[in-house]
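Protein chains in written order, with the numbering used here: chain A, 1 to 123; chain B, 124 to 521.
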């Protein structure tokens, strides 16, 4: 894993957080996380920046912050926290934060998918 | 044979219902999960022993669901799951308590699996002990009930409420009261170098079980009454029958009482003291003792008479002063480990003491380093604002 990717995704986090070695269960959670990530992406694509301080965006962010923390999607978690706060305060940095979040979705998804493939290969 | 316990988890976020389901199944629960609370059939709610409820949900949120729970599952224990801020959460817990929802735990998202396990463990212990008390209720029903109107008739030296959280304890002492019509109303600091704290009204004692239950359920922490008692009093004929009868009259759960023997006592198996201890333990009362000798550890390893060994603050002070004192504490901890009895060190005042007790395998700790004595309201605030501390040593309960 490259240094940049390790900033985005910590593969050990889920095992430490859940204290499990059951990779099938971990895979289930990764897949559920991807569903949530896709929901967020679809929503952002459909409504664009106008969605940044909407209640729906707050809902998606709020939900994803917790699961990002559990799976170890570090940068995404950080970015979602910032956007949640920025949306509450309606700050001028909101467009920049929104774009950052957009940029983080793809590498996070790739990292999780790679992890799922790794688990599938080992099963 | 123990019956299967039923757990319901309600959270729109499948990610977290799966984590709860996985952990609960590992703890022996049957689990149902709902990601859409509108699909809930309220009449089925009474089937569940414990309900994990998310607060932030679209359409119907957790607070709205509390009304349904109150109506259809009044006996269920509830664990709240949330990532909302502490202040809002405190109000919700307060509200839940006021409408008689039994909140036994709070999981702050993102929670870890062991936090679920800890809540279920506490719930299991409570349920099992309650179950065993109920199983043997027939025998208890035959005890004469005329004997004792008030627990204080047995003149314990003092009573105290104690809360256990994340492996640490906080305690509130009450001096013995001369007025036997009610429990004592004053508290003083415990293990704070004999500097008494200002007197505080201790509602937890005065209101008896009702308030104790409220505190216990609000915080999700086990809370119990603690009575120190001389061995000769515990050895009185019919002591256990009379105590159990009095507890029954006051609707006081046996498993919420801890009797601490104030001096070492290693009763022969056929003595009245041993019979009384055994009878009380069978009903769920826990027996605690300070100090355990080598002889006792060797002769009673298969059937220890105690549930908890406490190492007093003086001994801890002595251990900090001299190598012989330290050796004595280490020996006690080793004997306790040999007997599989948990240990609690009292009067921990600094982090060095905490560290060496950890290293020597002590299970629980209390004292000024962890918290000074406090009233119930402060106890609640303290627990809500506090991050879990690392456990002392290994939890021998696994």
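Note that the Cβ used here is the ideal one computed from N, Cα and C, for glycine as well.
For residue i and residue j, which I take to be in contact (beta-carbon distance under 8 Å), what is that distance rounded to the nearest angstrom?
| i | j | result |
| --- | --- | --- |
| residue 469/B | residue 436/B | 5 Å |
| residue 64/A | residue 40/A | 6 Å |
| residue 26/A | residue 233/B | The pair is not a contact, with the Cβ atoms about 15 Å apart (cut-off 8 Å). |
| residue 204/B | residue 134/B | 6 Å |
| residue 456/B | residue 484/B | 5 Å |
| residue 76/A | residue 68/A | 5 Å |
| residue 430/B | residue 404/B | 7 Å |
| residue 164/B | residue 140/B | Contact flag wrong, Cβ pair sits at about 17 Å. |
| residue 207/B | residue 179/B | 6 Å |
| residue 195/B | residue 166/B | 6 Å |
Going by other Cβ atoms of all chains shown within 10 Å of its Cβ, with 16 needed for buried, is residue i buried or exposed?
| i | result |
| --- | --- |
| residue 392/B | exposed |
| residue 187/B | exposed |
| residue 169/B | exposed |
| residue 182/B | exposed |
| residue 9/A | buried |
| residue 111/A | buried |
| residue 200/B | buried |
| residue 229/B | buried |
| residue 288/B | Residue placement at residue 288/B cannot be trusted, given a pLDDT of 30 that sits under 50; the coordinates are not used to answer. |
| residue 452/B | buried |
| residue 175/B | buried |
| residue 459/B | buried |
| residue 85/A | exposed |
| residue 413/B | buried |
| residue 396/B | buried |
| residue 222/B | exposed |
| residue 49/A | exposed |
| residue 96/A | exposed |
| residue 218/B | exposed |
Which of the three DSSP states is assigned to residue i in this structure?
| i | result |
| --- | --- |
| residue 119/A | helix |
| residue 382/B | strand |
| residue 408/B | coil |
| residue 185/B | helix |
| residue 137/B | helix |
| residue 101/A | helix |
| residue 180/B | coil |
| residue 220/B | helix |
| residue 142/B | helix |
| residue 129/B | strand |
| residue 413/B | strand |
| residue 453/B | helix |
| residue 467/B | strand |
| residue 72/A | coil |
Alpha helix (DSSP H) containing residue i: first to last residue?
| i | result |
| --- | --- |
| residue 177/B | Where residue 177/B is concerned, there is no enclosing alpha helix (DSSP H), although the beta strand (DSSP E) it sits in stretches over 173-177. |
| residue 39/A | 23-47 |
| residue 489/B | It is not in any alpha helix (DSSP H) - residue 489/B carries neither H nor E in the DSSP assignment. |
| residue 476/B | 474-482 |
How many angstroms separate the CA atom of residue i from the CA atom of residue j?
| i | j | result |
| --- | --- | --- |
| residue 98/A | residue 42/A | 14 Å |
| residue 481/B | residue 475/B | 10 Å |
| residue 439/B | residue 356/B | 27 Å |
| residue 448/B | residue 441/B | 5 Å |
| residue 121/B | residue 362/B | Coverage of chain B is limited to positions 124 through 521, which leaves residue 121/B absent and any answer about it impossible. |
| residue 88/A | residue 184/B | 20 Å |
| residue 190/B | residue 479/B | 49 Å |
| residue 73/B | residue 432/B | What the structure shows of chain B is the stretch from 124 to 521, and residue 73/B is not part of that stretch, so it cannot be assessed. |
| residue 107/A | residue 238/B | 31 Å |
| residue 151/B | residue 30/A | 25 Å |
| residue 193/B | residue 171/B | 13 Å |
| residue 471/B | residue 409/B | 23 Å |
| residue 91/A | residue 54/A | 14 Å |
| residue 400/B | residue 466/B | 19 Å |
| residue 225/B | residue 100/A | 43 Å |
| residue 321/B | residue 492/B | In this prediction, residue 321/B scores a pLDDT of 29, lower than 50, which makes its location untrustworthy; no coordinate-derived value is stated. |
| residue 402/B | residue 121/A | 58 Å |
Can you tell me where the beta strand (DSSP E) with residue i in it begins and where it stops?
| i | result |
| --- | --- |
| residue 152/B | 152-157 |
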